[in-house]
Amino acid sequence: MTTAKLPDWNSLQPGDALPPLELPPISRLDLALYCGASGDHNPIHVDIDFARSAGMPDVFAHGMLSAAWLARLVTNWVPQAAIRSLDVRFAALTQVGERIRCTGTVDEKFEHEGRRSVRLKIATANASGGIKLSGEALVAWP
Amino acid sequence: MIDRRHIGHQLPPFQVEVEKGRLRFFAKATGQTEPVYIDESAARDAGHPGLPVPPTFLFCLEMESPNPAAIRELLGMDYRSLLHGEQGFSYHAMAYAGDTLTFRQHIEDIYDKKNGALEFVVRKTRVSNQRDELVAELRCVTVVRNQ
């Protein structure tokens with residue numbers, strides 16, 4: 003793959019979809035690697051004994067792992083320097099074994115402080131369409 | 008209930024050096040295979056001075072605080088009752104491997120819903136680099152489930 007180039011702002015329309023990002027089913031190894039790489043050592047994501055002591059049936063994925071995938075969705079579409087903001091809400095837990103799909107659509111197109119901009123709606127969902135994270139990203143052209 | 012007098016509380020600033028090995032490990036853990044994020048020559052070819060810090064990794068660097076539990080301890084929150092509710096980033100400048108970033112955190116707000124069954128702690132963090140340029144502002148909402 004090559005580094006993302008900015009799409010032509012003039013040709014973008016609200017409702018346009020970004021190429022989706024599909025992830026393989028989440029494994030316990032994925033959570034262990036993210037625990038180490040992220041520095042988020044909360045045991046609830048990797049230690050089933052701890053998770054059960056907190057009343058959960060099993061460990062579950064770090065919300066910020068899904069947020070990192072949403073960031074990949076956007077940086078696959080535009081160079082990172084064009085991203086002005088990224089905001090996510092954690093709507094539901096992402097479970098081991100779930101196959102997550104990241105999607106984004108152009109929600110609004112506008113000029114802000116003289117810069118051509120778009121607001122994206124972004125989300126992650128499991129195979130049955132259950133929303134896990136939802137949010138938005140603001141992208142500005144130089 | 009969490010004492011609302013902590014609204015506005017500032018934590019001691021801390022500095023974190025961005026290590027390129029950490030960035031490559033993060034790329035692996037998040038399935039990132041774009042050369043710009045793992046190969047320094049590809050990053051330079053794309054106009055970057057080094058491996059870029061990806062958008063959400065600033066949150067990870069924030070966890071390198073000398074005491075990541077500082078707010079939990081200050082507010083007396085039980086680890087087991089906490090959920091990450093929201094996370095936001097506003098970006099002002101790119102950060103790169105080799106940068107030394109300064110994190111300035113404060114408690115922006117504390118509020119509750121459902122008659123106190125859920126409490127929300129909003130932390131805001133300003134991140135600047137070794138040239139004192141603003142890199143990003145982070146907003147973290149932690150949800151406390153009171154039984």
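If you read the sequences in order, they're chains A and B. Last residue of the first sequence? That's 144 in the numbering used here, and every number before it is there in order. Last residue of the second sequence? That's 154 in the numbering used here, and every number before it is there in order. Each residue gets a CB set at the ideal place from its N, CA and C atoms; glycine is no exception. Owing to the predicted nature of the structure, the values given are computational and were not obtained by experimental measurement.
**Study point:** Per-residue contacts from W71 (chain A) into chain B (C-beta, under 8 angstroms)
**Key:** Per Cβ cutoff of 8 angstroms: T37, G38.
Check your understanding: Should M3 (chain A) go down as buried or exposed, given a rule of 16 or more other Cβ atoms within 10 Å for buried?
Key -> The pLDDT assigned to M3 (chain A) is 41, lower than 50, so where the model puts this residue is not dependable, and the model offers no usable value.
**Study point:** Supposed contact pair A93 (chain A) and I50 (chain A) - C-beta distance, whole angstroms, cut 8 angstroms
**Key:** No, I50 (chain A) and A93 (chain A) are not in contact; Cβ-Cβ is about 24 angstroms, not under 8 angstroms.
Review point. Can you list, in chain order, the residues of the stretch 95–127 of chain A whose Cβ is nearer than 8 angstroms to any Cβ on chain B?
Key: Those would be none; no residue qualifies.
Exercise for review: Mark H43 (chain A) as exposed unless 16 or more other C-beta atoms lie within 10 angstroms of its C-beta, in which case mark it buried.
Suggested key: Burial is judged here by how many other beta carbons sit within 10 angstroms of a residue's own beta carbon; H43 (chain A) has fewer than 16 and is exposed.
Check your understanding: Could you give the distance in angstroms between the alpha-carbon of N78 (chain A) and the alpha-carbon of M8 (chain B)?
Key -> Here the C-alpha atom of N78 (chain A) lies approximately 43 angstroms from the C-alpha atom of M8 (chain B).
Exercise for review: Grab the span of the beta strand (DSSP E) containing I114 (chain B) for me, first residue to last.
Suggested key: It spans 107–120 - the beta strand (DSSP E) in which I114 (chain B) sits, taken as one unbroken run.
Practice item. Could you tell me how far apart the beta carbons of M66 (chain A) and S29 (chain A) are, in whole angstroms, since I believe they sit closer than 8 angstroms? Key: So it is not a contact: roughly 17 angstroms between Cβ atoms.
**Study point:** Closer than 9 angstroms to chain B by CB, D60 (chain A)
**Key:** Interface residue (Cβ-Cβ distance to chain B less than 9 angstroms): D60 (chain A) is not classified as such.
Check your understanding: What residues from chain A crowd round M8 (chain B), counting only those whose CB sits closer than 9 angstroms?
Key -> Here the premise fails: no neighbours, minimum Cβ distance about 21 angstroms.
Review point. From Y86 (chain B) to G123 (chain B), what distance separates their C-alpha atoms?
Key: Approximately 18 angstroms between the Cα atoms of the pair.
Review point. Going by the CB atoms, is the gap between V134 (chain B) and L68 (chain B) shorter than 9 angstroms?
Key: Contact flag set, yes.
Exercise for review: Mind reading off the beta-carbon distance from H13 (chain B) to L82 (chain B)? Whole number of angstroms is fine, and I expect it under 8 angstroms.
Suggested key: The C-beta separation of H13 (chain B) from L82 (chain B) comes to about 6 angstroms, placing the pair in contact by the 8 angstroms criterion.
Check your understanding: Which bits of chain A does M84 (chain B) rub up against, with CB to CB less than 8 angstroms?
Key -> The premise fails here: M84 (chain B) is roughly 13 angstroms from chain A at the closest Cβ pair, so nothing lies under 8 angstroms.
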